[in-house]
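Here is the structure we will look at, set down as structure tokens.
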Amino acid sequence: MKSKELPKKYKANEAEAKWGEFWESKGVYKYNPEVSREDTFVIDTPPPTVSGSLHVGHVFSYTQTDVIARYQRMKGKNIFYPMGWDDNGLPTERRVQGLYGVRCNPLLPYKEDWVGKASDKKKKQEEEISRKNFLEVCQKQTAEDEIKYEKLWRHLGLSLDWEQQYETINDHCRKVSQISFLDLQKKNLVDYKESPTMWDTTFQTAVAQAEVEEREKGGHFHDIRFAVEGGGDFVISTTRPELLGACVAVVAHPEDERYQGLFGKYAITPLFNVKVPIMPADHADKEKGSGILMVCTFGDIHDVEFWKQEGLPLRQIIEKEGTIGAIKYGTPKFPSENPEKANEVSSQLKGLYVKQARKKVVELLREEGSCLAGKGAALVGEPKPTQQFTKHYEKGDHPLEYISTRQWFVKVLDYKKELIEQGQKVKWHPESMFKRYEQWVEGLNQDWCISRQRFFGVAFPVWYPLDENSRPNYENPIYASQDQLPVDPLSEIPKGYTEEQRGKPNGFMGDPDVMDTWATSSLTPQISSHWGTDDKRHKSLFPADLRPQAHEIIRTWAFYTITKAWMHETEIPWKNIAISGWVVDPHKKKMSKSKGNVVTPESLIDQYSSDALRYWATKAKLGSDTIYDENVFKIGQRLATKMFNASKFVFLQIEDVEDKWLGPENITEAVDRVWIEKLNRVIEDSTKFFEDYNYSGVLSQVESAFWEFCDIYLELVKTRAYKLKDSKEGRSALASLSYTWKSFIKLFAPFLPYICEEVWSWSFAEKENAPSVHKSAWPKPLELTDQKEAGPLIDMAKEALNALRGEKTTAQKSLRWPIEALVLKGQGNDLERFREIEKDIAFSSNLKGNIQYETMESVPEGKFFEFSVTLSENAD
RNA sequence: AGGAGUGUAGCUCAGUUGGUUAGAGCGCUACGUUGACAUCGUAGAGGUCCCCAGUUCGAAUCUGGGCAUUCCUACCA
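My numbering numbers the first residue of the first sequence as 606 and each following residue consecutively.
What follows is the structure, encoded as structure tokens:
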């Protein structure tokens, strides 16, 4: 490469396309399975949810991981850096439903010729298709999205090994998930039990504690009068009057004097006239409402716990769809003192959604005379507004209901202590994030529910035998054997059975549920390491070195991954976990698609370049949120341009110089050696910071050193470098420039991979026999022999240049304007030192005459010298 | 309510173990096209380091107490 061939300006788009192809064709980022574990750095990359598009938040955190990977690669490590796509699960189903206007009905037969058509407009979900058709269209859609995602990641310059790609729905991941399930089953760490579980009525599936979020909603307190059997009455307060028909008890605090006389008696509910026990319960609060409240199946977690504790009857009135069921009162399950009336009420409520039912019940209570003469309506006064917090599935719109269903649970509650200990063995970056993990584990109150009543997910490798009445025997499941995996129990059969026996008396049925997405993504380290299928590979990749992830999923992804690794192999899944912050809007709220952020990463890259976005992403400290600010992209863009220009200049000076004059042994001049010492410290500190995952510290350090290089050192020595090319002084400058340039390319390479590869290719790719800077060695401090004490020459030069530039600027003259005379005043030894750089100063400030030195006892604080400058009358 | 983080220039943020006069970039003002760079450069203005008390010769930094703000967790019949 000759400098003449270089473009006048840096064209980032062209360069980035070129080097992207170059890296791919040279296999720069390939993992080498032959290298030993110690020399390999393993990253457990987060598989993003495939549901449309990636946004700037993804760019932010994935880039932060990439600079770590690039640093480790330059340190000589063999890098295992895979990419996975989390396509399995509800987000994909939701997207497909919206996009294609379809809904899965497992009862329908497969249609061979059915082809879904995606439409941009949100279709109403109307067309029902079979499970198999539904899964096919999910597969097709995610495959399309994944191609888009990959394109963006390549453009962003993530140094991933694309051969290690996986999708969480593929055969390999399904197999690993099922192996995991069977292993937990063998170790008696899973339970299949019927139990009240948080249920989303929209998606009609169970959800886990970790996927639940609280939302503030307006509600109303309703005061309702209950009669006491044998005389008397009391008023309860409730926000959920629609659950009146599900009331199984009434409770007050054991020490509440008002209700002492009632414990042991029975209350009669209004409308339904159901006899329920009045009991003491610790969770009742004397101060709240009237101090007495109803227990329903199920209003909240207290109801569930009290119901379990007391062995109360189950009266589930809310159905899986979120509607009130057709309940017949006057039966053993739903007794009533007045079945006729209860059934009249029930007939008015059945089929209503919760909200409608609430309205209706209130209406009826208004009309209802409270079973007691002279006490007015059962509804006492008017409903009083209140702010209430309700639990929602994080992806759902309607409040969750507790519904008793049969689900698979992983027994985490028994192992809180062990799981906290495991978390402690991992090194958290930043350290404080461990607290969140610890607090989450301590606060767990439910086992991990891993079954979902959905379709696009990993099946449970389980069948149930049917008895002579075709009722499943859940107590004795048939588990798949290893050689059957991955298995779909709905289309494949257990050993010893024939397909004809499916669903028949004395036959079998497949478990219809799928696993929670997290049950699979909690295995990402094992998915990558081929746990259970390739022992050698597993040993060479597990545990991983680094798990990068965001903080809001500590309670899910980090926790579940630690749990699985411990349950399977009593290991930690990775040695380090690096928690990235969020990208927030100017009001410090998390940026997300739903908040109407229309800026796509693709358009930002086109506008500012990948290097610029990477600069922005890695300026932010690990774990800290960063405000989305396009100004920072511009600064990154400018840095890349500066790198190009400074490189071009240095290259211009050294391209025709023989290699022997560019070796570090030629760096003989004091000022050059001082500069190299400065650079050494930058290299040392950068290395130290990187080892501590403090990439942002590296960047700001290197950046400020680079600007000092351009503004001060380069300006200072450039004239010497080209005017005295063939002398010892000139060669010292040239060798120093060459070495410094090379060092900066390497120091910036993890952050700005494209511009660095570009300028590296001009000269060093050949000289250093490293076609890619990203495979070149991370710099080490340069040992200068025969080091003599040189003092703060660079600082002196900086002060002098600034002073002389300041004079010219104040006089409104250009920086090349000649200086007639300079008087330098300072202390004796400083003046003596200054002589080392006087020629460089004279060159770079266009000083015509000599410098006149004057000794003075005291200089202004924090300065070396005082300058008296006489500018020339005329320009050159 | 409990826990974690943050609070430094108009804005976004550094500030490495306590140490002269607290830094950078953006923005602002003025100037300058110089033989790498106008996608630029140079210079300048701009701060009660949230507040109060303490430790210390010395505090943005350490301790205690507030305040503000973000997040996590819990509760709210």
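A virtual CB, placed ideally from N, CA and C, is assigned to each residue, including glycine. Please read these numbers as outputs of a predicted model, since none were measured by experiment.
Between residue i and residue j, how many whole angstroms is the CB-CB distance? I'm expecting something under 8 Å.
i, j, result
"SER1127", "THR1168", "7 Å"
"PHE1356", "LEU1304", "5 Å"
"SER1366", "GLU1373", "Rounded, the Cβ-Cβ distance is 11 Å, inconsistent with contact."
"LEU712", "ARG1059", "Not confirmed; about 15 Å, so no contact."
"VAL1015", "TRP1053", "4 Å"
"THR995", "LYS822", "5 Å"
"ILE897", "PHE839", "6 Å"
"TYR1458", "LEU1436", "5 Å"
"LEU1049", "MET803", "Not a contact, Cβ separation roughly 14 Å."
"LEU789", "MET1172", "6 Å"
"LYS1413", "GLU1471", "That belief does not hold up - the Cβ atoms of LYS1413 and GLU1471 are roughly 17 Å apart, past 8 Å."
Over the uninterrupted beta strand (DSSP E) stretch that includes residue i, give me the two end residues.
i, result
"PRO988", "984 to 998"
"CYS901", "897 to 901"
"MET884", "880 to 885"
"GLY1115", "1113 to 1115"
"ALA1149", "1149 to 1155"
"VAL856", "852 to 857"
"ALA813", "Per DSSP, ALA813 belongs to no beta strand (DSSP E) and is neither H nor E."
"ARG708", "707 to 709"
"ILE841", "838 to 843"
"ILE734", "732 to 734"
Give me the DSSP bridge partner(s) of residue i.
i, result
"GLU818", "HIS997"
"ARG1011", "GLU799"
"GLY823", "GLN992"
"ASN683", "THR645"
"TRP1068", "ILE1083, GLY1115"
"PRO1004", "HIS997"
"ALA872", "VAL833, VAL881"
"ALA1183", "HIS1034, PRO1153"
"LYS607", "BP columns for LYS607 are empty, so no partner."
"TYR771", "GLY689"
"TRP778", "Checking the sequence shown, residue 778 turns out to be Cys, not Trp. Per DSSP, none; premise fails for CYS778."
By the DSSP assignment, the alpha helix (DSSP H) with residue i in it spans what residues?
i, result
"ASP1277", "1275 to 1296"
"GLU1362", "1358 to 1367"
"LEU1436", "1433 to 1439"
"ASN1078", "Run containing ASN1078: none; DSSP gives neither H nor E here."
"VAL1307", "1300 to 1313"
"SER630", "617 to 631"
"PRO1130", "1129 to 1134"
"PHE1353", "1333 to 1353"
Rounded to the nearest angstrom, what separates residue i and residue j at their Cα positions?
i, j, result
"GLY1454", "LYS1328", "18 Å"
"LEU757", "TRP624", "15 Å"
"ARG1438", "ASN1479", "31 Å"
"LEU1146", "HIS1379", "22 Å"
"ARG678", "ILE1083", "48 Å"
"SER913", "ARG1011", "Going by the sequence as given, residue 913 is Lys instead of Ser. Distance between the alpha carbons of LYS913 and ARG1011: 16 Å."
"LEU787", "GLN744", "25 Å"
"ARG708", "PHE808", "11 Å"
"VAL1287", "TYR1300", "13 Å"
"ALA1416", "ARG1152", "57 Å"
"ASN674", "SER785", "What sits at residue 674 in the sequence shown is Ala, not Asn. Answer to the nearest angstrom: the Cα atoms are 29 Å apart."
"PHE1294", "THR650", "22 Å"
"THR1122", "TYR771", "15 Å"
"PHE1521", "TYR1007", "Beyond the ends of the chain as shown, which are 606 and 1481, falls residue 1521; an answer cannot be given."
"ASP750", "THR1246", "33 Å"
"SER1463", "VAL1255", "39 Å"
"GLU1274", "ALA1402", "14 Å"
"GLU818", "LYS1194", "17 Å"
"GLN1212", "SER1133", "35 Å"
"TYR615", "GLU1371", "21 Å"
"GLN1154", "SER1377", "29 Å"
"VAL781", "LYS1180", "22 Å"
"THR773", "GLY904", "36 Å"
Practice item. Return the chain-ordered ranges of every alpha helix (DSSP H) run that is complete within the stretch 946 to 973 and spans a minimum of 4 residues. Key: 959 to 972
Of all the alpha helix (DSSP H) runs that stay within the bounds of the stretch 1421 to 1481, which reach a length of 4 or more residues? 1433 to 1439, 1443 to 1450
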